[in-house]
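In the working numbering, the protein residues as written are 2 to 294. These notes are about the structure you will find just below.
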Amino acid sequence: MSLQDGLDIVRWQSTFDQPIELPLQDDSDCIHFSFTNLLKGKASCSFQEGRRQRRYAIDEGAGSISFGRCRHGLYHQHGEIDNITVMIRPEVLEQWELKLDPLLNKALACDHCFLDGHRSGEMSATAHLLGAAMDQGAGLAPAQPRSNLWLYGQSVTLVSLFLEVRQDAECTCRVSNTDRQRLVRARERLLEDLGKAPSLSELARESGLSQPKLTRGFRQLFFNSVYGVFQQARMIQARSRLMSGDDSVMRIASDLGYANASHFATAFRKQFGINPSTLKHGGRSKSLGINAS
């Protein structure tokens, strides 16, 4: 969907029961700010870098910034994905007068880049809103879609949130390779059981890091606090289960460690801007005001 010259928004929804590999060729001359709302399975893309093919995993609840003039590559998918991408030409982005961090500036100057791992609750909620607004399913009146102005505003918001998350991107270079590996293992341990998070002292002891180094490292490498990473993963799993429609809201809340369903609903609404019961019963578009005049 074109919002103006040099600014487009694309929603990619697909399901493949068998692994597929599709050729990629980007001749848009646009920077892609891409966020994956839903991923059940695996997805990745790969590009030729020098003499080798480098592969980048696509994660649910995370975004990437990519740019490549006439760049060729491959897209791999097995399962279901729902993704929102804002495509913007560099000269349009420059007109917005947004602050770019040095690492992103350097990457864009090379005419090819793929920077991943961008996460935040606001980013997820904004991408969710954009996806719902572009949903032409039940509950959306064809004569009353969201206006281009609204879509433009949300697209600007999503791009600005990407750049906001990147404000600390240059700090990741201060994390040694050894500590980086320890932090990745700590995150894996943290997300083993989304019904009960390990204590900070336990996580620090098992990862071989002090508590201050653990908490500082999470913010530097994952752009979030330890609890923030855990909470975001819980809410993403909750949304996935609600959309599948197999479990009750109370069951999902209980499985994710909530003794009180109202506390779960508050946390879910804070993350995605929608009540879990509304999402479960298919009222997503109506609750987001898509039918409003």
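We put the beta carbon where it would ideally sit given N, CA and C, even for glycine. Only a predicted model underlies this, so the values are computations on that prediction, with no experimental measurement involved.
Legend entry - Own chain, CB closer than 6 Å to VAL11, minus 5 neighbours either side, in chain order: Within the sequence shown, numbered from 1, the residue matching residue 11 stands at position 10. If we look at VAL11 and ignore the five residues flanking it on each side, its Cβ neighbours are THR86.
Legend entry - Close Cβ partners of HIS1 (< 6 Å) along its chain, the five nearest in sequence each way excluded: A query on residue 1 cannot be resolved here, the shown segment of the chain reaching from 2 to 294 and no further.
Inset, instruction - Check whether the Cβ atoms of PHE115 and SER45 lie closer than 8 Å to each other. - result: Your numbering for residue 115 matches position 114 in the sequence shown. Your numbering for residue 45 matches position 44 in the sequence shown. Contact flag unset, no.
Legend entry - Closest Cα partner of PHE231 within the set MET244, VAL250, ALA268, MET251: Mapped onto the sequence shown, residue 231 falls at position 230. Selected option, being the one with the closest Cα: ALA268.
Legend entry - Bounding residues of the alpha helix (DSSP H) (the contiguous stretch that carries HIS73): Position 72 of the sequence shown, counted from the first residue, corresponds to residue 73. Note, HIS73: premise wrong, no alpha helix (DSSP H); beta strand (DSSP E) at 72-89.
Inset, instruction - Could you tell me the distance, in whole angstroms, from the CA atom of GLN78 to the CA atom of GLN49? - result: Here residue 78 corresponds to residue number 77 of the sequence shown, with the count starting at 1. Here residue 49 corresponds to residue number 48 of the sequence shown, with the count starting at 1. Roughly 18 Å separates the two Cα atoms.
Inset, instruction - Have a look at the DSSP bridge pairing and note the partners of PHE34. - result: For the purposes of this step, residue 34 is identified with residue 33 of the sequence shown, where counting begins at 1. The partner list for PHE34 (beta bridge, DSSP) reads ILE66, VAL87.
Inset, instruction - Could you tell me which residues DSSP pairs with TYR57 in its beta bridges? - result: Walking along the sequence shown from the start, residue 57 turns up at place 56. CYS46.
Legend entry - Three or more C-beta pairs below 8 Å linking the region 173-191 and the region 199-214: yes
Legend entry - Of the residues SER161, GLN26, SER15, the one placed nearest GLY1, counting alpha carbons only: The displayed coordinates of the chain run from 2 to 294. Any statement about residue 1 would go beyond what the structure contains.
Legend entry - Proximity to GLY218 [Cα-Cα], best of THR179, GLU61, LEU101, THR279: By 1-based counting over the sequence shown, the position of residue 218 is 217. The candidate whose alpha carbon is nearest that of GLY218 is THR179.
Inset, instruction - State the CB to CB distance for the pair ILE237 and GLU61, rounded to an integer number of angstroms; the pair is presumed to be in contact (CB under 8 Å). - result: Position 236 of the sequence shown, counting from 1, holds the residue named residue 237. Position 60 of the sequence shown, counting from 1, holds the residue named residue 61. With 8 Å as the limit, ILE237 and GLU61 qualify as a contact, their Cβ atoms being about 6 Å apart.
Legend entry - Short Cβ contact (8 Å threshold) for ARG154 with GLY196: The sequence position of residue 154 within the sequence shown is 153, counting from 1. The sequence position of residue 196 within the sequence shown is 195, counting from 1. In the sequence as displayed, the identity of residue 154 is Gly instead of Arg. Contact flag unset, no.
Legend entry - Cβ neighbours of LEU94 in the same chain (closer than 7 Å, five flanking residues each side left out): Mapped onto the sequence shown, residue 94 falls at position 93. Within the same chain, LEU94 has close Cβ partners ILE32.
Inset, instruction - Please name the residue or residues paired with SER15 in a DSSP beta bridge. - result: One-based indexing of the sequence shown puts residue 15 at position 14. Answer by DSSP bridge pairing, in chain order: ILE82.
Legend entry - Rounded C-alpha distance that separates ARG270 from GLY118: Looking up residue 270 in the sequence shown gives position 269. Looking up residue 118 in the sequence shown gives position 117. Their backbone Cα atoms lie some 23 Å apart in a straight line.
Inset, instruction - Within 10 angstroms of the Cβ of GLY246, are there 16 or more other Cβ atoms? Answer buried if so, exposed if not. - result: Position 245 of the sequence shown, counting from 1, holds the residue named residue 246. Looking at its Cβ environment, which holds fewer than 16 other Cβ atoms inside 10 Å, GLY246 is exposed.
Inset, instruction - Ignore the nearest five residues each way along the sequence and tell me which others in THR216's own chain have a CB closer than 8 Å to its CB. - result: For the purposes of this step, residue 216 is taken as the residue at position 215 of the sequence shown. Counting only Cβ-Cβ distances below 8 Å, and skipping sequence neighbours, we find LEU201, SER226, VAL227.
Inset, instruction - Drop a sphere of 10 angstroms on the beta-carbon of SER156, count the other beta-carbons inside from all chains shown, and report buried for 16 or more, exposed for fewer. - result: Position 155 of the sequence shown, counted from the start, is the residue given in the question as residue 156. SER156 should be labelled buried.
Legend entry - C-beta atoms of GLN272 and ARG120 nearer than 8 Å: If you number the sequence shown from 1, residue 272 lands on position 271. If you number the sequence shown from 1, residue 120 lands on position 119. Going by C-beta atoms, GLN272 is not nearer than 8 Å to ARG120.
Legend entry - Rounded C-alpha distance that separates SER255 from THR127: Residue mapping note: residue 255 aligns to position 254 of the sequence shown, counting from 1. Residue mapping note: residue 127 aligns to position 126 of the sequence shown, counting from 1. Answer to the nearest angstrom: the Cα atoms are 27 Å apart.
Inset, instruction - Could you spell out the range, first to last residue, of the beta strand (DSSP E) harbouring HIS119? - result: As a working mapping, residue 119 is identified with position 118 in the sequence shown. From DSSP, the beta strand (DSSP E) with HIS119 extends over 113-119.
Inset, instruction - Run the CB neighbour count on HIS282, radius 10 Å, all protein chains shown included, and call it buried at 16 or more, exposed below. - result: As a position in the sequence shown, residue 282 is number 281, starting the count at 1. Exposed, by the Cβ-count rule.
Inset, instruction - Report the residue from ASP194, CYS111, ALA58 whose alpha carbon sits nearest the alpha carbon of ARG72. - result: Residue 72 sits at position 71 when you count from the first residue of the sequence shown. Nearest option by C-alpha distance: CYS111.
Inset, instruction - Would you kindly work out how many angstroms separate the C-alpha atoms of ARG90 and LEU109, rounded to a whole number? - result: Working through the sequence shown from its first residue, we reach residue 90 at position 89. Working through the sequence shown from its first residue, we reach residue 109 at position 108. If you take the alpha carbons of ARG90 and LEU109, they lie about 11 Å apart.
Inset, instruction - Please classify THR16: is it buried, with 16 or more other beta-carbons within 10 angstroms of its beta-carbon, or exposed? - result: Here the question's residue 16 lines up with position 15 in the sequence shown. With fewer than 16 other Cβ atoms within 10 Å, it is exposed.
Inset, instruction - With SER241 as the anchor, note down where its alpha helix (DSSP H) starts and where it stops. - result: Along the sequence shown, one-based indexing puts residue 241 at 240. Unbroken alpha helix (DSSP H) run through SER241: 227-245.
Inset, instruction - Could you tell me the distance, in whole angstroms, from the CA atom of SER1 to the CA atom of LEU99? - result: Nothing about residue 1 can be read from this structure; the chain reaches only from 2 to 294.
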